[in-house]
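*Asks:* If you read the sequence shown in our numbering, its first letter stands for residue 142, the second for the next number, and so on. Note that CB positions come from ideal geometry on N, CA and C, so glycine has one too. Remember, predicted model here, so these are calculated numbers, not experimental data.
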Amino acid sequence: MALLVYKFGGTSVGSAERIKAVADKVKKAHELGDQIVVVLSAMSGETNRLIALANEMQAQPTEREMDVLISTGEQVTVALLSMALHELGCDAVSYTGAQVKILTDSSFTKARIRKIDDAKLRADLDAGKVVVVAGFQGIDEQDNITTLGRGGSDTTAVAIAAALKADECHIYTDVDGVYTTDPRVEPKARRLDHITFEEMLEMASLGSKVLQIRSVEFAGKYNVALRVLSSFKEGSGTLITYEESQMESALISGIAFNRDEAKLTITGVPDLPGVAFKILGPIAEANIEVDMIVQNIADDATTDLTFTVHRNDYQRALALLEQTCADLGARKVTGDNAIVKVSIVGVGMRSHAGIASTMFKTLAQEGINIRMIATSEIKISVVVDEKYLELAVRALHAAFELDKISA
Ligand code: ADP
Ligand code: ASP
Ligand code: MG
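1) Buried or exposed for residue 181, please, with buried defined as at least 16 other CB atoms from any protein chain shown within 10 angstroms of its CB.
2) Let me have the residue list for the ligand MG: C-beta closer than 6 Å to any non-hydrogen atom, ordered along the chain.
3) Would you tell me roughly how many angstroms separate the C-alpha atoms of residue 517 and residue 341, rounded to the nearest one?
4) Excluding sequence positions up to five away, which residues of its chain have a Cβ less than 6 Å from the Cβ of residue 355?
5) Within its chain, find whatever has a CB closer than 6 Å to the CB of residue 543; leave out the 5 residues flanking it on each side and keep chain order.
6) What does the Cβ neighbour count give for residue 475, buried or exposed, with the cut at 16 atoms within 10 Å?
7) Taking CB distances under 8 Å as the criterion, tell me whether residue 488 reaches chain B.
8) What are the boundary residues of the alpha helix (DSSP H) that residue 231 is part of?
9) Would you check whether the ligand ASP has a heavy atom nearer than 7 Å to the C-beta of residue 372?
10) May I ask you to check if the CB of residue 183 is nearer than 7 Å to at least one heavy atom of the ligand ASP?
11) Specify whether the region 270-289 and the region 234-246 touch according to this definition: at least 3 beta carbon pairs, one from each stretch, less than 8 Å apart.
12) Please look up how many angstroms separate the CB atoms of residue 145 and residue 170, rounded, as I've assumed it's under 8 Å.
13) I want to check one thing, is the minimum distance from the CB of residue 324 to the heavy atoms of the ligand ADP below 7 Å?
14) If the criterion is Cβ atoms closer than 8 Å, does the pair residue 178 and residue 274 meet it?
15) Less than 7 Å separating the Cβ of residue 152 from some heavy atom of the ligand ASP?
16) Would you be able to state if there are at least three C-beta pairs under 8 Å between the region 452-459 and the region 352-368?
17) Classify residue 349: buried if its beta carbon has 16 or more other beta carbons within 10 angstroms, exposed otherwise.
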């Protein structure tokens, strides 16, 4: 008898019919004798709908109330799935995050899970019930409802799997696994049988939204066997593993991209110790996360600094930088919020030279100008104009032969 955690995303519970199909699938697995916890997202589009409503009430909705609001989407789906299971004669019980007691910190809209009380879950599982838990939410020490950030149901599922020491955590979604890149951008993208935690973490943090970053961190930390599969068709999906030896021996495993970027540049800054701090300090104080940073020295004892932020923070960062420009007597500030970041990821990069030059040559051949570059051991990221996103992804996918199964 195995203990399994199944998570179904928004599309998979997007209508009454789909919820019934999920109930069928869960009932079958339960009948085979496995203990099953199901974690659900809200119906697709629901969280966005609720956020839009909040924005009609308040220019900057109060974060505590936002979490009270957006946690409701998941409460609807867990109740409906339990009813569908009852209709099939399967014993099931639904819980919100607060009812389980998924304890989080108090960072509304981006809370982190601290502890999960597994007593209730275990008692129900031992009593032969399917337990259906609302994803994406928890409760803080003061009994406030919190949410875990967009895509957070993945993290609920993995955290519950870790707390219960589940045998496997299955993330059922609208694709049948993790692909070499988003199949919506490159139809030739290929499903990977395995990907390492390290690579999946890079892919997720560089913009592949198939799994929330924190769910991958959790799975790696607590050694949860994690699999991404389709809700709609049979298959073994993608297993996220530790072993590199199992990997298809590709140089790079995938291409990630992020459309949520904006870049800012300050030029002609007097080049003195502490300028980077003076420029980026106010940005950090305003709680704006900085991603890539590039500094150049000019001949005339001045320096230029370019950095990227989330597109939602662009206007705020621009205003702060203009203030800094005046304070430091720098020349000028420019910005661009029509840029994207495209990254190639692979543990194979560690042992191979020349990957960067292949990447740069490929982009050059397509006439795509690279605005910024950042590298680490297993990834190379470039910033390019937004209009080149699809072209860049497809050209790189072909150049690294990701559509072909490697030897
Ligand atoms: P869910 O609602 O089930 O959580 P998401 O929309 O969050 O589903 O994640 C699935 C989507 O992730 C896919 O439809 C796909 O467009 C996108 N995606 C981005 N990068 C990848 C990738 N490398 N492999 C598979 N899917 C990807
Ligand atoms: N419903 C939430 C969202 O849309 C959480 C999730 O689906 O994982 O972001
Ligand atoms: Mg998701």
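*Replies:* Walking through what the data contain:
1) Around the CB of residue 181, 16 or more other CB atoms lie within 10 Å, so the residue is classed as buried.
2) This criterion selects 150, 292 and 295.
3) About 15 Å.
4) Counting only residues of its own chain and dropping the five nearest sequence neighbours on each side, residue 355 has a CB closer than 6 Å to the CB of 296.
5) Excluding positions up to five away in sequence, the list reads 321.
6) Flag for residue 475 reads exposed.
7) In summary, chain B is missing from the structure at hand, where a single protein chain is found.
8) For residue 231, no alpha helix (DSSP H) segment is defined, and its DSSP state is neither H nor E.
9) Distances from the CB of residue 372 to the heavy atoms of the ligand ASP are all 7 Å or more.
10) Yes.
11) Judged by Cβ distances under 8 Å, the region 270-289 makes contact with the region 234-246, as three or more pairs qualify.
12) Their Cβ separation, rounded to whole angstroms, is 7 Å, which keeps residue 145 and residue 170 in contact under 8 Å.
13) In this structure, residue 324 has its beta carbon less than 7 Å from a heavy atom of the ligand ADP.
14) Cβ atoms of residue 178 and residue 274: closer than 8 Å.
15) No.
16) The answer is no - the region 452-459 does not touch the region 352-368, with fewer than three Cβ pairs under 8 Å.
17) So residue 349 counts as buried.
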